[in-house]
Amino acid sequence: MNKLGFAGAAALATAFCFSSASAHATGSVADAAEALVTAGTNTGNGGSFVTKAVKDAFGLTDAAFKYYWTYSTLSAERWYTAVTTGDYFTEVSNIADVGADQILAINVVKDANGNVTYAGHAVVIIGDPIDITPPTGFYTPYITGTKQWALPIADSTGSEHGNNTAYPDSRRVSGVFTANIPGTAYMRLYTDEVTGEILSYGWSVTATNEANVFDQSERPFAIGEITF
Numbered sequence: 345m346n347k348l349g350f351a352g353a354a355a356l357a358t359a360f361c362f363s364s365a366s367a368h369a370t371g372s373v374a375d376a377a378e379a380l381v382t383a384g385t386n387t388g389n390g391g392s393f394v395t396k397a398v399k400d401a402f403g404l405t406d407a408a409f410k411y412y413w414t415y416s417t418l419s420a421e422r423w424y425t426a427v428t429t430g431d432y433f434t435e436v437s438n439i440a441d442v443g444a445d446q447i448l449a450i451n452v453v454k455d456a457n458g459n460v461t462y463a464g465h466a467v468v469i470i471g472d473p474i475d476i477t478p479p480t481g482f483y484t485p486y487i488t489g490t491k492q493w494a495l496p497i498a499d500s501t502g503s504e505h506g507n508n509t510a511y512p513d514s515r516r517v518s519g520v521f522t523a524n525i526p527g528t529a530y531m532r533l534y535t536d537e538v539t540g541e542i543l544s545y546g547w548s549v550t551a552t553n554e555a556n557v558f559d560q561s562e563r564p565f566a567i568g569e570i571t572f
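The opening position of the sequence shown corresponds to residue 345 in our numbering, with each subsequent residue numbered one higher.
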């Protein structure tokens with residue numbers, strides 16, 4: 345639940361002395377994320393990268409960020425929780441509403457004993473989804489009753505988002521992928537072909553089988569837009 349309305353947020357901004365000189369004080373999280381990529385800023389992976397992009401975009405000090413989201417940085421799990429609980433977020437569930445400046449967060453996954461089997465991840469969406477449904481695209485697996493989309497993102501990760509010249513990961517240069525630095529890349533979304541409801545995601549557009557595509561029962565994920 346939001347603690348403040350727009351006016352309250354503006355007052356808090358003054359109280360916390362947000363930097364008006366920030367290059368990304370306009371609130372464009374996508375621009376801030378791409379600036380981190382261009383600068384090669386070492387942010388840490390996943391949620392840490394998203395945290396830095398959001399702070400830069402809105403000129404948030406650590407104290408102000410912590411006021412909004414309790415912690416001075418958010419893990420992927422905490423970004424997921426913020427999106428799904430509406431904590432300064434509006435959740436997006438239809439592909440028609442997905443676009444730049446939104447956050448995609450994949451929740452942590454644990455086994456029956458509480459052991460982490462997947463640590464989660466978070467990215468900044470930097471552009472509109474691109475329809476790559478066959479025959480427009482040529483990417484497998486094709487899942488009956490769905491459309492699939494290449495999703496432009498920026499993140500910091502140790503795992504390459506595929507190796508494809510049409511939808512590249514910027515961290516691959518001269519055939520070599522450099523891990524754990526900011527970069528731009530593409531993930532894949534699957535949607536209901538009729539309603540546009542977002543059903544599942546793939547780490548890249550070049551995932552080769554359904555084992556590389558995850559629905560909400562396997563790896564819960566959410567897309568949201570910050571709403572100060």
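Beta carbons: idealized from backbone N, C-alpha and C, even for Gly.
Within its chain, find whatever has a CB closer than 7 Å to the CB of residue i; leave out the 5 residues flanking it on each side and keep chain order.
i    : result
Y486 : P478
G568 : V427, F433, T434, E435, V436, Q446, I447
E541 : S437, N438, T535
S372 : A401, D445
If we count the other Cβ atoms within 10 Å of its Cβ and call it buried at 16 or more, is residue i buried or exposed?
i    : result
S518 : exposed
Q560 : exposed
F565 : buried
K491 : buried
S503 : exposed
G391 : buried
G546 : buried
Y415 : exposed
V398 : buried
T382 : exposed
T535 : buried
A377 : buried
D406 : exposed
Could you please give the first and the last residue of the uninterrupted alpha helix (DSSP H) stretch that includes residue i?
i    : result
D536 : Taken as a continuous stretch (DSSP letters only), D536 belongs to no alpha helix (DSSP H), being part of the beta strand (DSSP E) at 525-536.
V381 : 373-383
V557 : Run containing V557: none in the alpha helix (DSSP H); it sits in the beta strand (DSSP E), 557-559.
Take residue i and list the residues in its own chain whose beta-carbon comes closer than 8 Å to its own, dropping the five residues that flank it on each side.
i    : result
I525 : G384, N386, S500, R515
I497 : L448, V467, V468, I469, I470, H505, T528, A529, Y530, M531
S366 : In this prediction, S366 scores a pLDDT of 35, lower than 50, which makes its location untrustworthy; the coordinate-derived value is nonetheless stated afterwards. So the qualifying residues of the chain are D400, G403.
Between which residues of its own chain and residue i is the CB-CB distance below 6 Å, once the five residues before and five after are set aside?
i    : result
A369 : Low confidence applies to A369: its pLDDT is 39, below 50, so where it sits in the model is not reliable, and the reading given next is rough at best. If we look at A369 and ignore the five residues flanking it on each side, its Cβ neighbours are G403.
G443 : D472
G489 : E537
T395 : T417, L418
A359 : Below a pLDDT of 50, predicted positions are generally treated as unreliable, and A359, at 41, falls in that range; no measurement from the model is reported.
V453 : T461, Y462, R563
Counting along the chain, where does the beta strand (DSSP E) carrying residue i start and finish?
i    : result
S500 : 490-501
Y545 : 542-546
F565 : 565-570
L448 : 447-450
V468 : 465-469
Kindly indicate which residue of the options has the alpha-carbon position closest to the one of residue i.
i    : options          : result
A523 : G388, S544, A456 : G388
T509 : I542, V549, T484 : V549
V460 : R563, F572, I570 : R563
N507 : F521, A494, L495 : F521
Does any C-beta atom of chain D lie closer than 8 Å to the C-beta of residue i?
i    : result
E569 : Of the protein chains in this structure there is only one, and it is not chain D.
request  = Count the C-beta pairs between the segment 420-431 and the segment 459-473 that are closer than 8 Å, then say yes if the count reaches three, no if not.
outcome  = In the pairwise beta carbon analysis, the segment 420-431 is classified as touching the segment 459-473: at least three pairs are separated by under 8 Å.
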